[in-house]
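To keep things clear, I will list the structure first and then write my remarks on it.
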Amino acid sequence: MTSSAEPLALVVDDQAQMLSIVSFALETQGFRCLTARNAERAWELFNQQHIDIMVLDIMLPGASGISLCERVRSVSATPVILLTAKNATEDRIKGLMAGADDYLTKPFSPRELALRAQAVFRRSSPASDETTLVNGELTVNSAVRAAFWRGRNLHLPDLELRLLTALMRRKGEVTSWAVLLNDVWFTSSEVGSRAMIKTTIYRLRQHLEGEGAALILTVRGEGYLMPDAGNPQ
0 MTSSAEPLAL VVDDQAQMLS IVSFALETQG FRCLTARNAE RAWELFNQQH
50 IDIMVLDIML PGASGISLCE RVRSVSATPV ILLTAKNATE DRIKGLMAGA
100 DDYLTKPFSP RELALRAQAV FRRSSPASDE TTLVNGELTV NSAVRAAFWR
150 GRNLHLPDLE LRLLTALMRR KGEVTSWAVL LNDVWFTSSE VGSRAMIKTT
200 IYRLRQHLEG EGAALILTVR GEGYLMPDAG NPQ
């Protein structure tokens, strides 16, 4: 959060008109805005100020919005919404796999974008009543946005951390595909969703390794189950 009461948004698009439209829409919902017309300038601004949310166009001169999203996600959990004129399923999947929190296809309603940005920003703030989740030797601390296996920091990317958190909140229960899409990707669209979830589950299991990976079970046709391993005494 910025020192100001208003969260700071970084809007990145190579079209001046689109920068104005998006910035105005976000300002109506209480955001302050910075703008950039390419990924290089956006990265400079990102490193100069605390950005609370980013709205990125995929088609940028030079580095793409997806590349910028991956770069941001490698160092930060800052929420990212991607915009694109493309409507192909492949582009949507690439964006979400890069770690984007939401995705809108042009043309879109500026008010819908602003409301989605507000919702994504709220969701990025950890709930105070569940700062620490524990399942056996696995711990997620949302206050520091980190996961630990037997005391070792797993250094999970934000997407995998959100997925692990969703499973831990429902330990002992089957977590459906639809619930994971809503909690982790903040969408209800099922286009390409199973392949996207499977890939992220695979990466999460790689981070956990061995006995930790065994805590994530596939329930065919339904979703995933994390058995309740209890809390260490």
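Numbering that gives the first Met the number 0 puts the first residue of the sequence shown at 0, with every later residue one more than the last.
Quick reminder that beta carbons are idealized off the backbone N, C-alpha and C, glycines included.
Remember, it's a predicted structure, so these values are computed and weren't measured experimentally.
Where Gly94 falls: helix, strand or coil (DSSP): Here residue 94 corresponds to residue number 95 of the sequence shown, with the count starting at 1. In the three-state DSSP reduction, Gly94 falls in the helix class (H, G or I).
Return helix, strand or coil for Ile50, following the three-state DSSP convention. Numbered from 1 along the sequence shown, position 51 holds the residue referred to as residue 50. Correct three-state label for Ile50: coil.
Using the beta-carbon count (16 or more within 10 Å), is Asp227 buried or exposed? Taking the sequence shown and counting its residues from 1, one reaches residue 227 at position 228. Taking a 10 Å sphere around the C-beta of Asp227, we find fewer than 16 other C-beta atoms and assign the residue as exposed.
Mind reading off the beta-carbon distance from Ile92 to Met195? Whole number of angstroms is fine, and I expect it under 8 angstroms. In the sequence shown, residue 92 corresponds to position 93, counting from 1. In the sequence shown, residue 195 corresponds to position 196, counting from 1. Right, the Cβ-Cβ distance comes to about 6 angstroms (below 8 angstroms), so this counts as a contact.
Can you name, in chain order, every residue of its own chain whose Cβ lies under 7 angstroms from the Cβ of Gly257, other than the five neighbours on each side? Absent from the model: residue 257. The displayed extent of the chain is 0 to 232, so no value can be given.
Please state the DSSP three-state secondary structure of Ala126. For this step, residue 126 is matched to residue 127 along the sequence shown. Here the model assigns Ala126 a pLDDT of 48, short of 50, so the residue's position is not dependable and the matter cannot be decided.
Relative to the C-alpha of Ser108, which candidate in Ala146, Leu82, Ala212 has its C-alpha closest? Residue mapping note: residue 108 aligns to position 109 of the sequence shown, counting from 1. Among Ala146, Leu82, Ala212, the Cα nearest to that of Ser108 belongs to Leu82.
In the DSSP assignment, what residue or residues form a beta bridge with Tyr223? On the sequence shown, position 224 is the one that residue 223 refers to. Residue pairing by DSSP places Tyr223 opposite Thr174, Thr217 in a beta bridge.
Limits of the unbroken beta strand (DSSP E) element including Leu9: If you number the sequence shown from 1, residue 9 lands on position 10. Unbroken beta strand (DSSP E) run through Leu9: 7 to 11.
Distance between Asp13 and Ser192 (C-alpha atoms, nearest Å): As a first step, residue 192 must be located in the sequence shown, where it is residue number 193. As a first step, residue 13 must be located in the sequence shown, where it is residue number 14. If you draw a straight line from the Cα of Ser192 to the Cα of Asp13, it comes to about 29 angstroms.
Assuming Gly94 and Ile65 form a contact by the criterion Cβ under 8 angstroms, report the distance between their Cβ atoms to the nearest whole angstrom. Your numbering for residue 94 matches position 95 in the sequence shown. Your numbering for residue 65 matches position 66 in the sequence shown. Right, the Cβ-Cβ distance comes to about 6 angstroms (below 8 angstroms), so this counts as a contact.
8 angstroms contact criterion, which Gly222 and Trp176 should meet: CB distance rounded: One-based indexing of the sequence shown puts residue 222 at position 223. One-based indexing of the sequence shown puts residue 176 at position 177. With 8 angstroms as the limit, Gly222 and Trp176 qualify as a contact, their Cβ atoms being about 5 angstroms apart.
What residues match up with Asp237 in a beta bridge as DSSP calls it? For the chain, the structure presents residues 0 to 232; residue 237 sits outside this window and is missing.
Exposed unless 16 or more other CB atoms sit within 10 angstroms - verdict on Lys197: Taking the first residue of the sequence shown as 1, we reach residue 197 at position 198. Exposed, since its Cβ has fewer than 16 Cβ neighbours within 10 Å.
So Gly61 and Glu39 are in contact, right, with Cβ under 8 angstroms, and what is the actual spacing, rounded? By one-based count along the sequence shown, residue 61 stands at place 62. By one-based count along the sequence shown, residue 39 stands at place 40. That belief holds up - the Cβ atoms of Gly61 and Glu39 are roughly 6 angstroms apart, short of 8 angstroms.
In chain order, what residues of the same chain lie with their CB nearer than 7 angstroms to the CB of Thr217, ignoring the 5 residues before and after it? Counting from 1 along the sequence shown, the entry for residue 217 is found at position 218. Close CB contacts of Thr217 within its chain, under the 7 angstroms cut and outside five residues either way in sequence, are with Tyr223 (chain order).
Can you tell me which of Ala142, Val11, Leu163 puts its alpha carbon nearest to the alpha carbon of Ser63? Taking the sequence shown and counting its residues from 1, one reaches residue 63 at position 64. Looking at Ala142, Val11, Leu163, the one whose alpha-carbon comes closest to that of Ser63 is Val11.
Can you tell me whether Gly209 is buried or exposed? The criterion is at least 16 other CB atoms within 10 Å of its CB, across all chains shown. Along the sequence shown, read from residue 1 onward, the residue named residue 209 stands at position 210. So Gly209 counts as exposed.
Take Gly211 and list the residues in its own chain whose beta-carbon comes closer than 7 angstroms to its own, dropping the five residues that flank it on each side. Locating residue 211 in the sequence shown gives position 212, where the first residue counts as 1. Answer for Gly211: Leu137, Trp148, listed in chain order.
Assign Asn181 to one of three DSSP states: helix, strand, or coil. On the sequence shown, position 182 is the one that residue 181 refers to. In this structure, Asn181 counts as helix in the three-state DSSP scheme.
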